[in-house]
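Q: Here this note's numbering is used: the first residue of the first sequence is 123, the next is one more, and so on. Positions of the beta carbon are idealized from the N, C-alpha and C atoms, including for glycine.
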Amino acid sequence: MFNFALPNGNLTLFSILLGMEYTFRHIEQKWQERWKASGAYRVSNNSSKPKCYVLDMFPYPSGAGLHVGHPLGYIASDIYARYKRLKGFNVLHPMGYDAFGLPAEQYALETGQHPSVTTDENINAFRGQLDNIGFCYDWEREIRTSDPGYYKWTQHIFLQLFDSWYNRHAGKAERIDVLVRIFEQDGNLHHECPGDRSIRFSADTWNEYSYEEQQNVLMEYRLGYLAYAEVNWCPALGTVLANDEVINGVSERGGHPVIKKKMRQWFLRITEYADRLLQGLDAVQFSEAMKDMQRNWIGKSQGAEIKFNIAGSMESIVVYTTRPDTIFGVDFMVLAPEHELVDGITTNEQSEAVNAYKEYVQSRSERERMAEVKQITGCFTGAYAVNPFDGRKIPVWISEYVLAGYGTGAIMAVPCGDQRDFNFANHFSIPITNILGQAFSGDEANPTKEGKLFNSDFITGMEMKDASEAVMLKIESLGIGKRQINYKMRDAGFSRQRYWGEPFPIVYRNGIPEAMNEADLPLELPFVEHYKQGEDGEGPLATITDWVNLPSDNGTSLRRETNTMPGYAGSSWYFLRYMDPHNGDTFCDRRISDYWGQVDLYIGGTEHAVGHLLYSRMWTKVLYDLGYIGFDEPYKKLVNQGMITGSSRLVYRVRGTNQFVSAGLRAQYDTDELHVDVNIVDGVELDIEAFKKWRIDFANAQFILEDGKYICGTLVEKMSKRLFNTVNPDVLVEKFGADTFRMYEMFLGPVEQSKPWETKGIEGVHRFLKKLWRLFADEQKGLIVTTAAPTADELKTLHKTIRKIDDDCDRLSFNTAVSSFMVCVNELIELKCNKKAILEQLLVLLTPFAPHVCEELWETIGNKGSILDAAFPVFEEKYVTESTKEYPVSVNGKLRTTIKISLDASSDEVEKIALSNEVIQKWLEGKDPKKVIFVKGKMINVVI
RNA sequence: GCGGAUGUGGUGAAAUUGGUAGACACGCCAGACUUAGGAUCUGGUGCCGCGAGGCAUGAAGGUUCGAGUCCUUUCAUCCGCACCA
């Protein structure tokens, strides 16, 4: 009885669904189950289609779960992945978890629960929330950095770093045994030691070195190496603290003092890659802002190292300066308080003051040291350095604004050209030499790099740029210094005195680190009873003595490394593992990484601008150099999603009472401001009953209302549980559906832009989907789609939309895409269009955004196969071409009227029409126009 | 301190190449339908002005026939800064 067509082409034969309603939850669950059962999102590594790799920065599964800010980037990448699939690409779109980290360990310290247990729980909760939103991830490729099957390969790659050095001549990483052969033949004469430039040795010397001496030298070359560095040590807590956990020099928990403590730790020699990391930026599509941040972080500068002798001493100080031309303006010298020469040059009279100052600096964080401007601190050492050019004696100071890690840890201060030096000189009454002539006012420094020098001996009268070169040549000829390129970037600290991270696959044999046998990987993280740190700042692993100490045969001591790797270890290469996640033989088969290649689109937060991105770029370059992969930049295109801030709601309690006054009336009372859960506020109107139930102490609250309502105050701030302004996506999905939620997140604004969350507007998007639904179905009549031929207007609407959506998706401009869908549906309603030919194309366009409802309607109107693999509609110009244009006509640039004119009209004709227009006539007041500007298809401007 | 981003109606925003500022929504106002409405539909809505018109894209200048868009100066807010992830 169903196989007859009605004469009017109406498809009501399908309308067994009489009373068809948009039951979004039912539809979404149905399709999520079907897609799962059919493996709709499974991705093959073998395909004749072009590939596209769309990646999200994977989340750290925190206990707080997802709030609406998290999925913003995931939704954008999901839409893009689905769009590319419709466009005929084989799309890799995976997801996983950055599962090692401090919060889980902190939680374990507090509750005794093992981090692996809480991490699993958190991951399950995250997964539930992610699934709810309907992402097209291929979950068979899921990775977790804390999974031994994953971190086995993190350890493996670390060993490759340990086993490599950077050959500056070849410009790439090479194996350490290559270096050993070089040393055996030539010593290190042609390969300056990156760790310590003073290390020089010939082949003979090398061959005479003991094993230990050789290993020590090699350590100065390795890309993964050991060195000493300071950590935040909190004696009261017996713990090393993250910067995060230190606030104003004391521990966040308990407020105990924190001091710097030197410890032997692992580092990655990322500085060897500084130049390639800079150059690589030219070949990738990151925002200029992002590239600038990375360039700034790398901080390449060209300058000179100049040696100053200390008067009356055998010591000399090497300073680094980018302005050798200012050498005659040097009025004092500043050493970092940690500089190794400080104690040696300090005079007896000053030693007490210097020691006191050094103690003060010990308590200061690096950021405080750099940011402090109001308070100028420093201490004179009593020593004087001698300017190598004019023999002038200049005082040597120490101050916290000079950092030990940058340059040589010593600067020559030129107060007339550098504001910080100027302030310092002023504060300590150090006389200032003027080498800038009129350009220096005496009131502030002038940091100009253009102009002639005064009062500068042999470079007086020279342009600064030329003077720089002249001084450089002189320094070199005198042998008191050399040209030097410096980087602000430092080698990356790679040790954490923590439990919940990757153990290092390193064993110390009599104190000398050795790589573990690859066959013994992974070195699994052992279970511990407690998460307290070992003695002297060692990680918790140090407390498991029978794990740390290995049995040894011939009296040698064998001890494991007790630190673990930092959070960014696992995330530095995870994009490779997704390609080949189950491979037990290698971290990623070369053929497979050759197929997938670079990540085509990487979406994540700007907070990773420097750290994670630089580290993973470096790892990629190393793996490329060593021949494991065929490309040396991991991410071809990077987009940073903006942060969604919370929009908090405030209530005003009259001080000392349990009475709450509405926002508009609060000025009349003395009130305290309280954050209220945004989920019990509709817009700004408080749900009073829900409020009373929210917390026991509000059960008997009284209210002073305006117009019968309680209106809340609003405040935009960070989204955080503490401020009761988090919104759980689950709640919105339940109420409006995943499709609405996805589209609303996109509708909020450009993906890259930060914006406050406002739940209220979601109804507009939900209304849109209901309107879309009603193009297909009527609640009484059921399905109303017809097979009638579309009209020109309908085709025009459709094709305008195809062009816009295609373009917007390509540019990731999803907010404007959603608007275009709304415009399209509004127009189709206006046209009363229920035609299958139009609507099914619209469904394909929309399916990346609202996959569930589109699949449902796709099936309902009788299509076979999933809409996920439909072909993206093809735009045809002929349906949208116009013959006339309503031109805006301005007089002197101000819009006065619009006139409809044929697009074929010549400029003479257009001018005639415009000038004869009565509105324009009025403005002309009988005069002749000076000129008429006509831009075809755009506008007309009459200049009087 | 250094670096980055953002300022457009009551709100989120649009304006892709210098060419009709405020599309699309939220909210608000008025109306229709309804037993009902937190459903649906229709109309209106930047500000000032009765109107003609004027004023409007953080502020001040500039370039241009024409500036939200380009240039200079400036103010405000937010974010990052190496052990949070």
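Terminal residues of the continuous alpha helix (DSSP H) containing Ser487?
A: Indexing the first sequence from 1 puts residue 487 at position 365. Looking at the DSSP string, Ser487 is not in any alpha helix (DSSP H), and its letter there is neither H nor E.
Q: Can you tell me whether Ile304 is buried or exposed? The criterion is at least 16 other CB atoms within 10 Å of its CB, across all chains shown.
A: Position 182 of the first sequence holds residue 304. It is buried - the Cβ of Ile304 has at least 16 other Cβ atoms within 10 Å.
Q: Which whole runs of the alpha helix (DSSP H) in the region 434–477 are 4 residues long or more, in chain order?
A: 464–467, all fully within the region 434–477.
Q: Do you know how far the Cα of Thr241 is from the Cα of Leu390?
A: As a first step, residue 390 is located in the first sequence; it is residue number 268 there, counting from the start. As a first step, residue 241 is located in the first sequence; it is residue number 119 there, counting from the start. Leu390 and Thr241: Cα-Cα distance of roughly 28 Å.
Q: Just tell me which of Glu352, Ser184 and Pro216 has its CA closest to the CA of Val165.
A: For this step, residue 165 is matched to residue 43 along the first sequence. Among Glu352, Ser184 and Pro216, the Cα nearest to that of Val165 belongs to Pro216.
Q: Would you mind reading off the limits of the beta strand (DSSP E) that contains Gly733?
A: As a working note, residue 733 is residue 611 in the first sequence. Gly733 -> not in any beta strand (DSSP E); alpha helix (DSSP H) instead, spanning Gly733 to Asp747.
Q: Please report the distance separating the alpha-carbon of Gln424 from that of Ser590.
A: Locating residue 424 in the first sequence gives position 302, counting from the first residue. Locating residue 590 in the first sequence gives position 468, counting from the first residue. Rounded to whole angstroms, Gln424 to Ser590 spans 11 Å at the Cα level.
Q: Name, in chain order, the residues that DSSP records as bridge partners for Cys501.
A: Position 379 of the first sequence, counted from the start, is the residue given in the question as residue 501. Bridge partners of Cys501: Ile520.
Q: Alpha carbon to alpha carbon, how far is Lys429 from Cys538?
A: In the first sequence, residue 429 corresponds to position 307, counting from 1. In the first sequence, residue 538 corresponds to position 416, counting from 1. Straight-line Cα distance between these residues: approximately 21 Å.
Q: Return the Cβ separation of Tyr523 and Arg491 in integer angstroms, given the expectation that the two are a contact with Cβ distance under 8 Å.
A: What you label residue 523 is simply residue 401 of the first sequence in a count that begins at 1. What you label residue 491 is simply residue 369 of the first sequence in a count that begins at 1. Indeed they touch by this definition, with Cβ atoms about 7 Å apart.
Q: Based on the DSSP output, what are the partners of Lys294 in its beta bridges?
A: One-based indexing of the first sequence puts residue 294 at position 172. DSSP lists Asn289 as partners of Lys294.
Q: Going by DSSP, name the residue or residues bridged to Pro878.
A: Within the first sequence, numbered from 1, the residue matching residue 878 stands at position 756. BP columns for Pro878 point to Thr767.
Q: Measuring CA to CA, which of Phe146, Leu917 and His192 is closest to Gly768?
A: Translated into the one-based positions of the first sequence, residue 768 becomes position 646. Of the listed residues, the one whose Cα sits closest to Gly768 is His192.
Q: Exposed or buried, what is Tyr482 when buried is set at 16 or more other beta-carbons lying within 10 Å of its beta-carbon?
A: Position 360 of the first sequence, counted from the first residue, corresponds to residue 482. Exposed, by the Cβ-count rule.
Q: Distance check for His189 and Asp936, CA to CA, integer angstroms please.
A: Within the first sequence, the letter at position 814 stands for residue 936. Within the first sequence, the letter at position 67 stands for residue 189. Checking the displayed sequence, the identity of residue 936 turns out to be Phe instead of Asp. Rounded to whole angstroms, Phe936 to His189 spans 20 Å at the Cα level.
Q: Taking only the alpha-carbon atoms, compute the straight-line gap between Val887 and Arg864 and give it to the nearest angstrom.
A: The residue labelled residue 887 in the question sits at position 765 within the first sequence. The residue labelled residue 864 in the question sits at position 742 within the first sequence. Cα-Cα distance, rounded: 10 Å.
Q: Looking only at its chain, what residues have a beta carbon closer than 8 Å to the beta carbon of Glu471, apart from the 5 residues adjacent to it on each side?
A: As a working note, residue 471 is residue 349 in the first sequence. Hits under 8 Å: Gly504.
Q: So, helix, strand or coil for Lys892, using DSSP?
A: As a first step, residue 892 is located in the first sequence; it is residue number 770 there, counting from the start. Three-state result, Lys892: helix.
Q: Helix or strand or just coil, what does DSSP make of Pro129?
A: As a working mapping, residue 129 is identified with position 7 in the first sequence. Unreliable positioning characterises Pro129 in this predicted model, as indicated by a pLDDT of 32, which lies under 50. A coordinate reading is not provided.
Q: Counting only runs of 4+ residues fully inside the region 940–978, write out the alpha helix (DSSP H) ranges in chain order.
A: Runs found: 958–968.
Q: For Thr908 versus Lys957, is the C-beta distance shorter than 8 Å?
A: For the purposes of this step, residue 908 is identified with residue 786 of the first sequence, where counting begins at 1. For the purposes of this step, residue 957 is identified with residue 835 of the first sequence, where counting begins at 1. Yes. Within cutoff.
Q: Quick check on the DSSP output: the beta strand (DSSP E) that includes Cys356 runs from which residue to which?
A: Stepping through the first sequence from its first residue, residue 356 is reached at position 234. Cys356 -> beta strand (DSSP E) spans Gly346 to Cys356.
Q: State the Cα-Cα distance for the pair Asn948 and Thr728, rounded to the nearest angstrom.
A: As a working mapping, residue 948 is identified with position 826 in the first sequence. As a working mapping, residue 728 is identified with position 606 in the first sequence. About 36 Å.
Q: Return helix, strand or coil for Thr233, following the three-state DSSP convention.
A: What you label residue 233 is simply residue 111 of the first sequence in a count that begins at 1. Thr233 falls in the helix class under three-state DSSP.
Q: Taking Asp754 and Gly402 to be in contact with their CB atoms under 8 Å, please state how far apart those CB atoms are, rounded to whole angstroms.
A: Walking along the first sequence from the start, residue 754 turns up at place 632. Walking along the first sequence from the start, residue 402 turns up at place 280. Confirmed, about 7 Å.
Q: Determine, using beta-carbon pairs with one atom in the region 146–164 and one in the region 873–886, whether at least three such pairs fall under 8 Å.
A: No contact exists between the region 146–164 and the region 873–886.
Q: So does the region 201–221 actually touch the region 143–158, counting three or more Cβ pairs closer than 8 Å?
A: Contact fails: fewer than three Cβ-Cβ distances are below 8 Å.
Q: For Gln781, which beta-bridge partners are listed by DSSP?
A: Residue numbering aside, residue 781 sits at position 659 when the first sequence is read from its first letter. Paired residue(s): Gln824.
Q: What span of residues does the beta strand (DSSP E) with Arg631 cover, start to end?
A: The residue labelled residue 631 in the question sits at position 509 within the first sequence. It spans Ile628 to Arg631 - the beta strand (DSSP E) in which Arg631 sits, taken as one unbroken run.
Q: Which term fits Glu811, buried or exposed, when burial requires 16 or more other beta carbons within 10 angstroms of its beta carbon?
A: Stepping through the first sequence from its first residue, residue 811 is reached at position 689. Exposed is the call here.
Q: Return the first residue and the last residue of the beta strand (DSSP E) that Gln790 is part of.
A: Stepping through the first sequence from its first residue, residue 790 is reached at position 668. Unbroken run through Gln790: none, as it is neither H nor E.
Q: What three-state label does DSSP hand Thr582 in the structure shown?
A: In the first sequence, residue 582 corresponds to position 460, counting from 1. Reduced to three states, the DSSP call for Thr582 is coil.
Q: For a test of the three-state rule: what should DSSP assign to Ala547, helix, strand or coil?
A: By 1-based counting over the first sequence, the position of residue 547 is 425. Helix, per DSSP.
Q: Leaving aside the five residues before and after Val940 along the sequence, list all residues of the same chain whose C-beta is less than 6 Å from its C-beta, in chain order.
A: As a working mapping, residue 940 is identified with position 818 in the first sequence. So the list reads Met865, Met868 and Phe869, once near-sequence residues are dropped.
Q: Asn117 by DSSP, collapsed to three states: which one?
A: Only positions 123 to 1066 of the chain appear in this structure, which leaves residue 117 out of reach.
Q: Enumerate in chain order the residues of its own chain whose CB-to-CB distance from Ala992 is below 7 Å, with the five nearest sequence positions on each side excluded.
A: Mapped onto the first sequence, residue 992 falls at position 870. The answer, listed in chain order, is Leu208 and Val966.
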